[in-house]
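Peer 1:
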Amino acid sequence: MDIIEALEWRYAVKKFDPNKKIDEDQLDRILRGLQLTPTSMGLQLMKFMVITDRETRKNITPIAFNQKQVEDCSHLIVLCRKKEVAEEDVSSFVKHTAKTREISIESTTMINYEKMLSGSLNLSIEQQQAWMENQVYIALGNLLTLCAAEGIDTCPMEGFDRKKLDDYLNLESEGYNAVVMCPIGFRSKDDKYSSVKKVRRPLDSLIEKK
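Under the working numbering, the residue at position 41 of the sequence shown is numbered 147, and the numbers go up by one with no gaps.
#1: Taking a contact to mean a Cβ-Cβ separation below 8 Å, would you say L140 touches A245 in this structure?
#2: Could you check where the alpha helix (DSSP H) with Y282 kicks off and where it finishes?
#3: Among all the DSSP beta bridges, which residues are the ones paired with R187?
#4: Name the residue from R268, A236, S300 whose alpha carbon lies nearest to the alpha carbon of S146.
#5: Roughly how many angstroms separate the alpha carbons of N165 and S300, rounded to a whole number?
#6: Considering only C-alpha positions, which residue in the set N248, P124, E278 is nearest to E177?
#7: Please report the distance separating the alpha-carbon of D273 from that of N283.
#8: Mind checking K49: buried by the 16 CB within 10 Å criterion, or exposed?
#9: Can you tell which of C179, M222, E232 has the C-alpha that lies nearest to the C-alpha of F122?
#10: Have a look at Q234 and K295 and give me their C-alpha separation to the nearest angstrom.
#11: Based on Cα-Cα distance, which residue from E220, T203, K205 lies nearest to A192?
#12: Determine whether the beta carbon atoms of L275 and V184 lie at a separation below 8 Å.
#13: How about D297 and K120: do their beta carbons lie closer than 8 Å?
#14: Roughly how many angstroms lie between the CA atoms of G281 and L151, to the nearest whole one?
#15: Determine the direct distance from the alpha carbon of M155 to that of P168, and round the result to whole angstroms.
#16: Expressed to the nearest angstrom, what Euclidean distance is found between the alpha-carbon atoms of L250 and T260?
#17: Should R116 be labelled buried (16 or more other beta-carbon atoms within 10 Å of its own) or exposed?
#18: Return the residue from the list E114, I209, Q241 that minimises the CA-CA distance to P144.
Structure (structure tokens):
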């Protein structure tokens with residue numbers, strides 16, 4: 107589909123067809139697209155959990171206030187951020203950048219680059235977390251567009267108990283917190299919202315040109 111047609115086509119699915127599954131090629135493309143999500147300074151202080159096991163999703167459903175999309179989708183993607191920024195996050199990123207771009211890690215360029223990154227992240231824990239959550243929402247927007255372009259349905263969700271989900275998925279022990287979830291799959295023919303007209307503000311009330 108043309109990207110505008112794809113965005114017109116997509117909506118927040120209320121009922122997935124539990125018998126339809128995303129094939130591995132499509133899933134690989136979506137995950138590759140997520141990997142390419144732009145983030146501040148390119149640090150990607152996040153993780154995406156892809157949950158395919160239906161029993162696991164069934165257990166998460168009550169944590170998401172019994173929203174059945176969690177259980178009936180093809181795959182559940184949980185978008186997480188780091189709990190806080192560590193020195194290792196910066197140093198490992200700088201090393202990876204140097205290796206990828208074939209620059210000596212001991213060069214003045216890379217030493218100054220690491221100092222710049224470290225200085226930019228001199229924030230309180232609360233500021234770090236708010237900043238990292240903003241990056242996760244960029245990834246969510248990218249995910250919704252990727253899926254629409256592939257003809258895959260989505261339903262972004264903030265409606266869940268973060269603490270309970272963190273505990274169930276052992277995210278805290280791995281240094282992460284869940285921010286938002288997104289079931290992906292294929293809409294059910296019974297989802298009445300699939301035929302409802304999309305409502306958006308008129309362009310002239312949303313966009314100002316100067």
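Using N, Cα and C, we set each Cβ at its ideal position, and we do this for glycine too.
Peer 2: Judging by the given coordinates:
#1: Against a cut-off of 8 Å, the Cβ pair of A245 and L140 comes out as a contact.
#2: Here Y282 belongs to no alpha helix (DSSP H); instead the beta strand (DSSP E) covers 282 to 291.
#3: Beta-bridge pairing links R187 to M152, N283.
#4: Here the closest residue by C-alpha is A236.
#5: Their Cα atoms are separated by approximately 27 Å.
#6: It is P124 whose Cα lies nearest to the Cα of E177.
#7: Rounded to whole angstroms, the gap between the alpha carbons of D273 and N283 is 9 Å.
#8: Given a span of 107 to 316 for the chain in the structure shown, any question on residue 49 remains unanswerable.
#9: By alpha-carbon distance to F122, the top candidate from C179, M222, E232 is C179.
#10: Put simply, the backbone Cα of Q234 is about 43 Å away from that of K295.
#11: Put simply, of E220, T203, K205 the residue whose alpha carbon is nearest the alpha carbon of A192 is E220.
#12: A contact, by the Cβ cut-off of 8 Å.
#13: Their beta carbons are under 8 Å apart, which means D297 touches K120 by this criterion.
#14: In this structure, the CA atom of G281 is about 11 Å from the CA atom of L151.
#15: CA-to-CA, the gap between P168 and M155 works out to about 18 Å.
#16: Going from the Cα of L250 to the Cα of T260 covers about 7 Å.
#17: It is buried - the Cβ of R116 has at least 16 other Cβ atoms within 10 Å.
#18: Nearest C-alpha to P144: Q241.
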